[in-house]
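Working notes for the structure below.
Number of protein chains: 2
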Amino acid sequence: MRSLTRIASAMLVVASTLALFPAVSRAADDEADRPPNFVIVFADDLGYGDLSAYGHPTIRTPHLDRMAREGIRLTQFYSAAPVCTPSRAALLTGRLPVRNGMCSDRRRVLFPDSKGGLPAEERTIAEALRERGYATACVGKWHLGHRPEFLPTRQGFDRYFGIPYSNDMDRDPSKAPQGRAAFRDPKPEYWNVPLLSGEKEIERPADQRTITSRYTEEAVRFIRESRDRPFFLYLAHNLPHVPLFAGEEFRGRSARGLYGDVIEEIDHGVGKILDTLREEGLAERTFVIFTSDNGPWLTFADHGGSAGLLRAGKGTTWEGGVRVPCIVWRPGTVPAGVIHHGLASTLDLFPTLVRLAGASLPSGVELDGVDQSRMLLTAAESAREVVWYYRGTQLYAVRKGPFKAHFITEGSYGGPARKEHDPPLLYHLEHDPSEAYDVAASHPDVVAELKGLFDRQREAVKPAASQLEL
Amino acid sequence: MRSLTRIASAMLVVASTLALFPAVSRAADDEADRPPNFVIVFADDLGYGDLSAYGHPTIRTPHLDRMAREGIRLTQFYSAAPVCTPSRAALLTGRLPVRNGMCSDRRRVLFPDSKGGLPAEERTIAEALRERGYATACVGKWHLGHRPEFLPTRQGFDRYFGIPYSNDMDRDPSKAPQGRAAFRDPKPEYWNVPLLSGEKEIERPADQRTITSRYTEEAVRFIRESRDRPFFLYLAHNLPHVPLFAGEEFRGRSARGLYGDVIEEIDHGVGKILDTLREEGLAERTFVIFTSDNGPWLTFADHGGSAGLLRAGKGTTWEGGVRVPCIVWRPGTVPAGVIHHGLASTLDLFPTLVRLAGASLPSGVELDGVDQSRMLLTAAESAREVVWYYRGTQLYAVRKGPFKAHFITEGSYGGPARKEHDPPLLYHLEHDPSEAYDVAASHPDVVAELKGLFDRQREAVKPAASQLEL
């Protein structure tokens with residue numbers, strides 16, 4: 115009885131039959147051997163506490179909640195950076211942004227006047243999978259360089275439909291009120307953001323009121339058109355980043371206000387994608403992963419999201435800045451109803467997806483992600499033990515197991531000044547996820563170990579020339 | 115499509131057939147007409163964010179999570195007071211503690227030297243149901259008076275097994291270290307708390323390491339022995355109130371540390387109770403309600419719980435002090451898988467249970483609870499529109515619909531001094547559950563309306579002589 119209880123506790127309700135580790139590396143000559151499809155749905159500035167499945171009291175996300183019940187919900191999953199551009203670069207390459215210049219301490223992200231982007235020699239998930247015969251599509255926000263040579267079509271994606279940077283850029287001073295007023299009552303014409311199809315601008319300003327539903331339609335179209343071959347879809351919604359826009363069908367629907375309307379529209383889109391996969395008979399051969407690029411932007415009052423019980427938000431290396439929801443689904447393969455506490459990162463997606471596809475990892479490239487396929491296939495322990503917390507090019511904190519040491523902190527995005535800590539602040543994140551109780555004084559050995567890790571990492575990984583300052 | 119979406123949004127997954135409002139008021143002559151059983155499981159100082167179903171990242175509560183999937187999970191449910199004694203008095207009587215003296219501004223709760231208790235003329239749920247032929251049992255912490263005339267056996271309960279007040283009282287200075295050290299590494303002999311069976315002391319000090327499992331065993335025994343008649347079980351765990359104790363089987367099991375061990379043991383007990391109901395064929399005739407007496411006690415570092423995304427904790431009238439988890443279950447009657455945002459309160463349990471049992475409400479008594487049976491039976495809208503926030507005898511805040519106005523605040527239990535606000539602080543709790551963004555300046559009409567409600571309530575309900583100061 116006791117051991118049964120322990121197993122139940124460790125795995126929760128594993129309602130489906132666990133698939134054994136599949137032989138995915140053979141050639142995909144027939145249907146059964148065809149490598150699996152992958153869909154990544156990436157939200158923008160959605161916080162750890164913004165889904166009903168993660169405890170939000172008034173935002174309704176029935177489709178994501180169902181996806182969690184049918185798959186694995188991760189509770190200690192991290193984006194690799196607390197802001198947009200470096201976070202996206204890390205997800206697509208499996209590499210820390212310091213290695214390829216996709217971060218900066220002067221300009222946190224790419225802006226419309228930036229000339230840089232993700233270097234061509236960086237290998238993305240899309241490139242690795244396309245070589246394996248995958249159809250590939252990027253739908254939504256890119257933010258890894260908007261000059262033609264940096265667009266998704268140059269980084270392994272057959273198709274692209276979306277905006278090249280954030281939805282609050284290209285503000286038009288002739289139309290938008292000054293300051294925050296533009297965000298409180300946003301209109302699409304305030305921001306002269308282009309909408310691209312492939313490499314061609316097809317609309318400017320993009321009509322942001324309909325953009326979420328158009329992304330979903332484009333995603334559904336790609337899935338239907340790609341049904342007979344393996345595919346990779348990277349659907350990066352540009353919301354709930356401010357300014358907030360919800361489609362007509364969703365506006366005014368959520369008890370949470372406009373922010374909730376936006377989340378509920380994204381949730382509805384996830385439902386449509388899962389329905390499409392089921393209708394096309396593809397559900398059981400498709401991994402779907404939902405996550406977010408960083409924590410909530412707390413400087414926009416109720417137009418920003420919630421980090422739940424985590425401290426602070428976007429732009430910081432507190433947990434609220436980088437710990438995000440993550441749900442992984444593939445009926446019959448990913449065990450159902452598992453709540454997993456293992457450490458994992460957007461950095462892990464590159465090696466994990468490549469492994470699951472039976473493709474090969476790039477040689478001679480230093481990856482920061484680890485292969486988490488066993489965790490996803492069997493609810494096994496995570497292969498990751500350490501999490502690095504970078505802000506721009508600088509290492510601020512490190513987590514090993516349950517302990518996190520902050521050597522540098524920043525109060526909030528654009529908030530209190532940078533502060534160095536010696537000794538570091540130390541938190542036991544599994545006992546104290548809110549980072550409320552510093553335990554450095556009672557754990558000198560842990561402090562010493564984490565200081566060693568921190569120093570070695572700073573020494574080993576020197577920032578490449580920044581693409582964000584070009 | 116649009117209206118279907120809206121219904122889905124309003125009700126979430128109502129997986130079971132909705133029962134129509136049953137005719138429960140007929141005489142219980144045969145099995146089919148027998149009124150339903152009720153089990154209330156009441157945790158002590160368990161916070162809004164402490165269950166996995168409410169988003170805790172490392173505490174595992176698979177039994178409560180399952181109970182939520184099979185029933186209704188309420189996200190805006192309140193205890194009637196931010197500390198123990200008044201909260202319990204309100205739950206059992208459906209009346210605000212100011213009406214019957216079960217609160218005080220000098221002594222927040224009853225202590226071992228207190229002479230008062232819940233007045234005999236107050237009518238409890240147990241009394242109302244016993245008159246209807248119910249077997250009744252109180253298991254666990256009472257805290258409504260420990261002199262014989264105030265014990266559960268004098269307030270409608272056939273049986274009692276538990277401790278008469280909090281588990282941190284009767285501290286033995288000859289055995290316990292001074293200050294917080296006793297709580298960091300607690301041993302049962304530090305607190306000379308008596309364990310009662312009926313009105314008889316059977317153990318002193320109570321062995322708190324085994325107390326949770328003994329409560330569960332007692333609850334299971336009562337259910338089995340009462341299987342042939344309607345019953346009411348009030349199971350009030352004295353944990354996770356500090357000092358924390360977990361049974362041998364649970365100690366060291368949770369990633370959340372000792373606090374998590376304690377919650378996981380309570381969760382395991384809930385699983386045993388639900389299993390017992392299923393085994394006895396009683397699941398479909400038994401309402402089970404899980405909730406907590408107030409928010410987490412934040413002054414005990416990681417031995418205190420988490421209010422999740424809510425502000426502050428126990429002892430305050432911020433949401434973290436009084437908003438608590440609440441899950442309601444009765445397979446085949448309470449709709450399954452509903453996440454309900456309606457306002458509700460422990461005050462509502464008295465009229466709701468009495469109504470569901472077909473018993474009559476006391477006449478000539480001013481009740482503060484409202485009948486929520488329609489909400490529980492059909493996921494209909496809540497019958498409650500207003501929530502009062504009292505601290506001791508004083509009204510501090512009022513909520514109507516989504517808006518809450520704080521006229522007085524207290525930073526924390528024993529923390530910053532009382533502060534009056536004119537104009538009040540105003541929060542839109544459905545947009546801003548964390549009470550971060552005061553919107554009083556932009557909502558003068560709402561402020562005026564809530565001020566009117568506040569003033570009228572203060573005028574209408576004058577505090578009775580305190581039982582806690584006797």
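So the sequence lines, in the order shown, correspond to chains E and D.
Taking our numbering as reference, the numbering of the first sequence is continuous, increasing by one, and the terminal residue is 584.
Taking our numbering as reference, the numbering of the second sequence is continuous, increasing by one, and the terminal residue is 584.
Glycine is no exception: its CB is placed at the ideal position from the N, C-alpha and C atoms.
In whole angstroms, what separates the C-alpha of A142 (chain D) from that of P150 (chain D)? In the second sequence, residue 142 (chain D) corresponds to position 28, counting from 1. In the second sequence, residue 150 (chain D) corresponds to position 36, counting from 1. Caution applies to A142 (chain D), whose pLDDT of 41 falls short of 50 and renders its modelled position unreliable; the value that the coordinates give is listed next. Rounded to the nearest angstrom, the two C-alpha atoms are 10 Å apart.
I believe R183 (chain E) touches G383 (chain E) by the beta-carbon criterion, under 8 Å. Please report the beta-carbon distance rounded to the nearest angstrom. Counting from one through the first sequence, the residue named residue 183 (chain E) turns up at place 69. Counting from one through the first sequence, the residue named residue 383 (chain E) turns up at place 269. That pair is no contact at about 19 Å.
Residues from the region 446-474 of chain D in contact with chain E, defined by Cβ distance under 8 Å: I453 and H455
Thinking C-alpha only, which one of D:L391, D:R328, D:V402 and D:R323 is nearest S311 (chain D)? The sequence position of residue 311 (chain D) within the second sequence is 197, counting from 1. That would be D:R328, whose Cα lies nearest to the Cα of S311 (chain D).
In chain order, what residues of the region 542-561 of chain E put their CB closer than 9 Å to some CB of chain D? H542, L543, E544, H545, D546, P547, S548, A550, Y551 and V553
Name the one or two DSSP bridge partners that Q508 (chain E) has. The residue labelled residue 508 (chain E) in the question sits at position 394 within the first sequence. For Q508 (chain E), which the question treats as bridged, DSSP gives the partners E:R505.
If I follow the unbroken beta strand (DSSP E) through F404 (chain E), where does it start and stop? As a first step, residue 404 (chain E) is located in the first sequence; it is residue number 290 there, counting from the start. From DSSP, the beta strand (DSSP E) with F404 (chain E) extends over T400 to S406.
Would you mind listing the alpha helix (DSSP H) stretches within the region 332-382 of chain E that are 4+ residues and don't spill past its ends, in chain order? none
May I have the straight-line CA-CA distance separating Y510 (chain E) from L467 (chain E), to the nearest angstrom? Locating residue 510 (chain E) in the first sequence gives position 396, where the first residue counts as 1. Locating residue 467 (chain E) in the first sequence gives position 353, where the first residue counts as 1. Answer to the nearest angstrom: the Cα atoms are 28 Å apart.
May I ask you to report which of helix, strand or coil DSSP gives S123 (chain E)? For this step, residue 123 (chain E) is matched to residue 9 along the first sequence. Legend: pLDDT at S123 (chain E) = 37, less than 50; position of this residue unreliable, no value from coordinates given.
How big is the Cα-Cα spacing for R475 (chain E) and G446 (chain E)? Within the first sequence, the letter at position 361 stands for residue 475 (chain E). Within the first sequence, the letter at position 332 stands for residue 446 (chain E). A small correction: the amino acid at residue 475 (chain E) is Leu; Arg does not occupy that position in the sequence shown. Going from the Cα of L475 (chain E) to the Cα of G446 (chain E) covers about 26 Å.
Whose C-beta lies closer than 7 Å to the C-beta of G254 (chain D) among residues of the same chain, with five residues either side of it excluded? Taking the second sequence and counting its residues from 1, the one referred to as residue 254 (chain D) is at position 140. Cβ within range, chain order: G276, Y329, L349, A350, H351 and N352.
Beta-carbon gap between A426 (chain D) and G419 (chain D) smaller than 8 Å: On the second sequence, residue 426 (chain D) is found 312 positions in, with the first residue counted as 1. On the second sequence, residue 419 (chain D) is found 305 positions in, with the first residue counted as 1. The answer is no: Cβ separation not under 8 Å.
Give me the Cα-Cα distance between F521 (chain E) and R505 (chain D), rounded to the nearest whole angstrom. The residue labelled residue 521 (chain E) in the question sits at position 407 within the first sequence. The residue labelled residue 505 (chain D) in the question sits at position 391 within the second sequence. For F521 (chain E) and R505 (chain D), the distance between alpha carbons rounds to 41 Å.
I'd like to check one pair, I154 (chain D) with L165 (chain D): are the Cβ atoms closer than 8 Å? Taking the second sequence and counting its residues from 1, one reaches residue 165 (chain D) at position 51. Taking the second sequence and counting its residues from 1, one reaches residue 154 (chain D) at position 40. Result no, Cβ atoms of L165 (chain D) and I154 (chain D) do not sit closer than 8 Å.
My understanding is that R268 (chain D) touches A234 (chain D), with C-beta atoms under 8 Å, so please give their C-beta distance in whole angstroms. The count along the second sequence starts at 1 and reaches residue 268 (chain D) at position 154. The count along the second sequence starts at 1 and reaches residue 234 (chain D) at position 120. Their Cβ separation, rounded to whole angstroms, is 7 Å, which keeps R268 (chain D) and A234 (chain D) in contact under 8 Å.
For chain D, is any of its Cβ atoms less than 8 Å away from the one on A415 (chain E)? Residue 415 (chain E) sits at position 301 when you count from the first residue of the first sequence. Judged by the 8 Å Cβ criterion, A415 (chain E) is in contact with chain D.
Does the CB of T326 (chain D) have a neighbour CB from chain E at under 8 Å? Position 212 of the second sequence, counted from the first residue, corresponds to residue 326 (chain D). No - not a single Cβ of chain E is within 8 Å of the one on T326 (chain D).
Presumed contact (8 Å Cβ cut-off) between M181 (chain E) and V484 (chain E), rounded CB distance: Position 67 of the first sequence, counted from the start, is the residue given in the question as residue 181 (chain E). Position 370 of the first sequence, counted from the start, is the residue given in the question as residue 484 (chain E). That belief does not hold up - the Cβ atoms of M181 (chain E) and V484 (chain E) are roughly 24 Å apart, past 8 Å.
For Q269 (chain E), three-class secondary structure by DSSP: Residue numbering aside, residue 269 (chain E) sits at position 155 when the first sequence is read from its first letter. In the structure shown, Q269 (chain E) sits in coil (DSSP, three-state: anything other than H, G, I, E or B).
Under the three-state reduction of DSSP, which class applies to H170 (chain E): helix, strand or coil? Along the first sequence, read from residue 1 onward, the residue named residue 170 (chain E) stands at position 56. Here H170 (chain E) sits in coil by DSSP.
Cross-chain neighbours of Q190 (chain D) in chain E, by beta carbon under 9 Å: Locating residue 190 (chain D) in the second sequence gives position 76, counting from the first residue. Neighbours of Q190 (chain D) on chain E, chain order: P171 and T172.
List, in order along the chain, the chain E residues whose C-beta lies closer than 7 Å to that of A369 (chain D)? Here residue 369 (chain D) refers to the residue found at position 255 when the second sequence is read from its first residue. Result: H455 and E544.
S420 (chain E) touches chain D at which residues, Cβ-Cβ below 7 Å? If you number the first sequence from 1, residue 420 (chain E) lands on position 306. Chain D residues near S420 (chain E): L423 and S548.
Counting only beta-carbon atoms, is Y168 (chain E) nearer than 8 Å to chain D? Translated into positions along the first sequence, residue 168 (chain E) becomes position 54. Yes - at least one Cβ of chain D is within 8 Å of the one on Y168 (chain E).
8 Å Cβ cut-off: residues of chain E touching G163 (chain D): For the purposes of this step, residue 163 (chain D) is taken as residue 49 along the second sequence, with counting starting at 1. In chain order: G169, G422 and L423.
From A578 (chain E) to V438 (chain E), what distance separates their C-alpha atoms? Position 464 of the first sequence, counted from the start, is the residue given in the question as residue 578 (chain E). Position 324 of the first sequence, counted from the start, is the residue given in the question as residue 438 (chain E). A578 (chain E) and V438 (chain E): Cα-Cα distance of roughly 27 Å.
Express the C-alpha separation of E583 (chain D) and T220 (chain D) in angstroms, rounding to a whole number. Translated into the one-based positions of the second sequence, residue 220 (chain D) becomes position 106. Translated into the one-based positions of the second sequence, residue 583 (chain D) becomes position 469. At residue 220 (chain D) the sequence reads Arg, which differs from the Thr that was named. Between R220 (chain D) and E583 (chain D), the C-alpha separation is close to 7 Å.
Given 8 Å as the limit, is there contact between the region 549-566 of chain D and the region 187-198 of chain D, that is, 3 or more CB pairs closer than that? no
So the candidates are E:L481, E:P465, E:G456 and E:A519; which of them puts its Cα closest to the Cα of T492 (chain E)? Start at 1 with the first residue of the first sequence, and residue 492 (chain E) comes out as number 378. Answer by Cα proximity: E:G456.
Starting from L457 (chain D), follow the beta strand (DSSP E) in both directions and report where the run begins and ends. In the second sequence, residue 457 (chain D) corresponds to position 343, counting from 1. V452 to S459 is the extent of the beta strand (DSSP E) around L457 (chain D).
By Cβ distance, which residues of its chain are closer than 7 Å to R213 (chain D), with the 5 residues on each side in sequence left out? Position 99 of the second sequence, counted from the first residue, corresponds to residue 213 (chain D). Correct list, in chain order: E480, V575 and A578.
To which residues of the same chain is L298 (chain E) closer than 8 Å at the C-beta, ignoring the five residues directly before and after it? Counted from its first residue, the first sequence places residue 298 (chain E) at position 184. Per the sequence presented here, residue 298 (chain E) reads as Arg, with Leu not at that position. Answer for R298 (chain E): H417, listed in chain order.
Beta-carbon spacing of T430 (chain D), E524 (chain D) below 8 Å: Here residue 430 (chain D) is taken as the residue at index 316 of the second sequence, counted from 1. Here residue 524 (chain D) is taken as the residue at index 410 of the second sequence, counted from 1. Contact flag set, yes.
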